[in-house]
Amino acid sequence: MHHSDRDPPALRRRTLLRALAGAGALGALPALGGCGTDLRNDPRRVTMAFNRVEDMELAGMDDLLDVFHAATDYTVEVDNFEPNSYQESINNYLQGTPDDVVAWFGGYRLRFFAERGLISDLSHLWDGPLADSFSQAHKELCTGGDGKQYLVPYYSYPWAFYYRPSLFAENGYEPPATRAELLDLCERMRGDGLEPIGYGNREGWPAMGTFDHLNLRINGPEFHTDLANGDAAWDGPEVREVFSAWAELLPHHQPDPLGRSFDEAQAALMRKECGMLLAGLFVAQALPEDEADDLDFFVFPEYDPAVGTGAVEAPTDGFMLSANPRNPEGAEALLTHIGGLEAQELYADSDPQALPAHVDTDTARFNDLERKALELIDGAESVTQFLDRDTRPDFAAVVAIPAFQRFLRQPDDIREITSDLERQKRSVFG
Amino acid sequence: MNTTTTAPAELGTAAGAEQTDTPRRRLRPGRVVLHVFLITTALAWFFPVLWAVVNSFRDYEHTAVHGYLSPGGFTLDNYAQAWTQGEMPQYFLNSLIITVPAVLLTLFLSSCAAFVLSHHSRRFNLVMLAVFLAANLLPPQALLVPLFRLYTSIPLPYWISSSGSLYDSHLGIVLIHVAFQIGFCTFVLSNFMKALPTSLLEAARVDGATVFQQYWRVVLPLCRPSLAALATLLVTWVYNDFFWSLALLSSGDKLPITTALQNLQGSFFIDHNLLSAGSVLVALPTLVIFFLLQRHFVAGLTLGASKE
Amino acid sequence: MAPHGTSPPSPSRPPSAPAAKRRRPRPRTGGTLRNSRGDRITVALMLGVPAALVLGLVWLPALATVVLSFTRWDGIGGLETVEWIGVQNYVDAFTIYPPFGPALSNNLIWLVVLFTVPTVLGMFLAVLLDRQLRGGALYQSIFYMPVVLSLALIGFIWQLIYSRDQGLLNAFLAFAADAPPVDWFGDPDLNLYAVLVAAGWRHTGYIMLLYLAGLKAVDPTLREAAAIDGAGPVRTFTSVVFPALLPINLVVIVVTVIDALRAFDIVWVINRGRNGLELISALVTQNVIGEASRVGFGSALAVIMLLISVVFIVVYVSTMLRGASR
């Protein structure tokens, strides 16, 4: 090999560097051209991210947008996202190039987004066209740490034990009101060859429902908030008491929840293989059409008379305005429309899980189940969100879910699990 | 060498050879055991795919009641339902939009790089090849955060990316695939090009061909078998990618089919027959490529080994 | 993840290759490319564009990840919100992050199982099929068919077999042995192995293919010589064939290590890499693109992953290039 002085001059280092720079410029080139066809600057066009994909949800949104289009001549382009992936990627999504109007939830993370400047202030809508449209509880849910509003609430859906009345009638079961009655009912169901409580927890989040409800019944809603904010201790007697109650209830759940998806548990309720299921009103979506009135719920039973059952877990969905909307006027017109009574009722007609957030909602248009759910929320002493909406997402996803899953397979390790939770909480909340 | 590439032809020659060599060959017990073992293992290997195919034709109402080990209850509806309810046409189109440019671009750029490197000094050549080849082996997770920031900060006009940036655009996915795969392809192609007789290029140069003409007219046509093998491999790799689309796309309607399948879990998971039909549809393109182009596929996987 | 370790084997050179081949005419390196200005630019672009892509989209981000691993950052806002915390993330990973230990050991188990079962089985199948055999091509096709399926899809296909309530395996066990249902994907003591069966199903075919290629390269005259010497098939294998496979063995080792380290898709589609299926790749993803956005912490996990793989990448690349440059 003798290349010493005969290296092809073509590739001297400087040439290579020049080529690298050229390649970089090439990459930037497309950015310079082609703005002429940019639909984004169309003043009649508004974009929106919607995290629901079921047919009935899409149909409801179509109806709502048709009315909007007819009234204002704005065209709304909807991006649909699968709910779980959406929730997981929302941080990145909001920092990327989000749509003008963005679906999201009330609670901790809304405040977090507001604080980090990822969404826009909507308080002028709340003080203007949307004044007196929503309850004080909803207003608080939509308010950031700075006292301004950042979300237009759309609908809520309460969590409770859902069951099939036909199955209860057949076996003479009564909805339980207390801890003892609940355990009693479970025993009876087992005697009748039923799995008392459906359970599917492969995704991780459903277990938070059990934890939240036991915690609300045993320690009350203020403690729930303290815990979610990182102020209360996870290894104190309060949380250990919750886990003990959970351990007591665990044998009455479908076995092996970690291998079963929540949808499968829901299917078990529909097939009447299990007696009840702790879920949101969204289970109504899975109901076969010809059995539309064969679903009812009872609130999570009382565990401590001093605490009662006044706290309702009712996650609220709504829409935010992204930080730099391409069409702010159109987006605000759309948000005002979404916050209006007509739009909310129109959507609720299609989607059985949606209970309009608007205070003037006419309950006459709902079926018995929806009316009962709406009354439950209206009569609630306090409304909480789901744990993953009420606390830091890194704590919920990276710490709480694995800990709850570990508890489900080792319910005897309460002491160790709770100390682990507390230690990680300190690290996460810093 | 590389007899593996002639695998499909082997069946015929093998049978022929046995007949001519030993016309009345005794059935040796060893052979019987061997074939019994191979047949059993092959059946076991084929079974999961077969099971998915069989399930995909079963009616959910039937299997939910009678179980999967019962006879009857066959239907084609699962395919129709998976196709429409799963919005598969859109996702297949996305896969196509990503795969074809990614493969062509990778082959073009890596053959360019290989052409230069195969005619360059040894040390420089080695360093560059090491940089290229090692990149191909890095864990993708290790690049994720900075890549995400990079992608969101590179603006693109609307006609290229409706998101306005490289993030959440098909172009972004194509580019990361190209960047990741160039290393391997460059390595293989440069090995091949180095083995070409230099007289060819000298002749072209005497005829006054430019460097690009030497590459495009002389070297590239000779690389056709390698390019075909690499193309087959690349198509399956890019089509099968799950991670990059998960990480760098946010709009559901931009996902390629492999990643989109996960989003169908909700509606699909309670109905395993529907899930089977969906899986079979997703597997179909790679399986078709595999059975049609098996020769290239095998050659691709064993490329390095066959070049000396 | 497309490529995985699927990078090809390129054993430096089958040791049995005739020595004469070693004098393959070396491409002349000087003066091959013309010195005109246009050609110089062409050449620079031909190498520069691919190099820019690889450096800019792979190496640069990898280096940036290393830097980020020393910070606390939620990934929101500009770089000014980054907080430097030294090696705290690494300390946290090893001390107060419960999934980390299981992830390390699961990755190790993944590696050991891939080495023992699919690698050995793949080699065995290759030896069996490396001869004139009726139906040999058909067997080969069946064994490496899973290689063309994505691991995500394999997760779905095996779900049909493993599902607790609807899967074939439990139905069969109940039917044949009246056994109670087993929670194959939910039981953290079992699910890793259940998943490994599926991953091994794919890996075996790939390994078989690599060894088949290696075996084809074994000089047949050596075997004939061994046969004439009266060596049986086992002796022939141990004394002639296996030594010839050494370069392939190295490739197989690296491919398997990288595959074990990069394993991700299949556990992610099953349960997002939790509850017994923790893998480092899944933990990084959870922390970085999941809801959490613990960018600094996730980067530290990624760097640990990077360090392990770099060791093997160096071995692999240097071996490949030694072969290529000879």
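Chains as they are written, first to last, in my numbering: chain A, 1 to 430; chain B, 431 to 738; chain C, 739 to 1064. Just so you know, even glycine gets a beta-carbon here, dropped at the ideal spot from N, CA and C. Quantities reported herein were computed from a predicted structural model and do not represent experimental measurements.
Give me the Cβ distance between residue i and residue j, rounded to the nearest whole Å; I'm assuming they're in contact under 8 angstroms.
i, j, result
"B:V575", "C:S1037", "6 angstroms"
"B:L537", "B:L663", "Rounded, the Cβ-Cβ distance is 11 angstroms, inconsistent with contact."
"C:R961", "C:V978", "6 angstroms"
"C:L898", "B:H702", "6 angstroms"
"B:A609", "C:L791", "4 angstroms"
"C:V1026", "C:G943", "So it is not a contact: roughly 32 angstroms between Cβ atoms."
"B:P569", "C:M1043", "5 angstroms"
"C:A932", "C:Y900", "6 angstroms"
Within 10 Å of its beta-carbon, does residue i have 16 or more other beta-carbons around it, so buried, or fewer, so exposed?
i, result
"C:S774", "exposed"
"A:E313", "buried"
"A:H124", "exposed"
"B:Y669", "buried"
"A:V299", "buried"
"B:A582", "The displayed chain sequence assigns Thr, not Ala, to residue 582 of chain B. Result: buried."
"B:F545", "buried"
"B:T666", "buried"
"A:R432", "Since the displayed chain A opens at 1 and closes at 430, residue 432 of chain A lies outside it and no answer follows."
"B:V530", "exposed"
"C:A890", "buried"
"B:I719", "buried"
"A:T418", "buried"
"C:W939", "buried"
"A:I338", "buried"
"A:N367", "exposed"
Rounded to whole angstroms, what's the CA-CA distance from residue i to residue j? Just pull it up for me.
i, j, result
"C:R1000", "C:L1059", "23 angstroms"
"A:R111", "A:L334", "22 angstroms"
"A:H252", "A:F211", "15 angstroms"
"B:L722", "C:T976", "36 angstroms"
"B:S681", "B:D598", "7 angstroms"
"B:H600", "A:Y74", "28 angstroms"
"B:F421", "B:A482", "The structure shown does not extend to residue 421 of chain B, since chain B is modelled only from 431 to 738, so the question has no answer here."
"A:S427", "A:V398", "12 angstroms"
"C:L867", "C:G874", "6 angstroms"
"B:R725", "B:T716", "14 angstroms"
"A:P175", "A:H358", "30 angstroms"
"C:V995", "C:T857", "12 angstroms"
"A:G230", "A:F429", "7 angstroms"
"B:A512", "B:G708", "6 angstroms"
"C:G768", "B:L631", "Any answer about C:G768 is weak, because its pLDDT of 45 lies below 50 and its placement is not dependable; what the coordinates show is given next. Rounded to whole angstroms, C:G768 to B:L631 spans 13 angstroms at the Cα level."
"C:W922", "A:A160", "30 angstroms"
"C:V989", "B:V557", "20 angstroms"
"A:E422", "A:L122", "36 angstroms"
"A:D66", "A:T143", "29 angstroms"
"A:F319", "A:M48", "9 angstroms"
"C:L731", "C:V1005", "No information on residue 731 of chain C is available, as it lies outside the stretch 739 to 1064 that chain C covers here."
"A:A232", "A:L183", "29 angstroms"
"B:T688", "A:D42", "34 angstroms"
"A:M189", "A:L167", "11 angstroms"
"B:Q643", "B:R654", "16 angstroms"
"C:Y949", "B:L567", "21 angstroms"
Look up residue i in the DSSP assignment and give the residues it is bridged to.
i, result
"A:E195", "A:C274"
"A:S156", "A:T316, A:L355"
"A:M48", "A:V78, A:V101"
"A:T143", "A:Q149"
"A:T178", "A:E302"
"A:F161", "A:L278, A:F298"
Runs of 4 residues minimum, wholly inside the stretch 372 to 430 of chain A: which ones carry the alpha helix (DSSP H) assignment? 387 to 390, 401 to 409, 414 to 429
Whole alpha helix (DSSP H) elements within the stretch 1003 to 1055 of chain C, 4-residue minimum: 1003 to 1009, 1018 to 1026
Output the residue ranges of the alpha helix (DSSP H) runs that lie fully inside the stretch 858 to 886 of chain C and measure 4 residues or longer, sorted by chain position. 858 to 867, 874 to 882
List, from N- to C-terminal side, the alpha helix (DSSP H) runs of 4 residues or more that fit wholly inside the stretch 589 to 672 of chain B. 600 to 624, 628 to 636, 654 to 670
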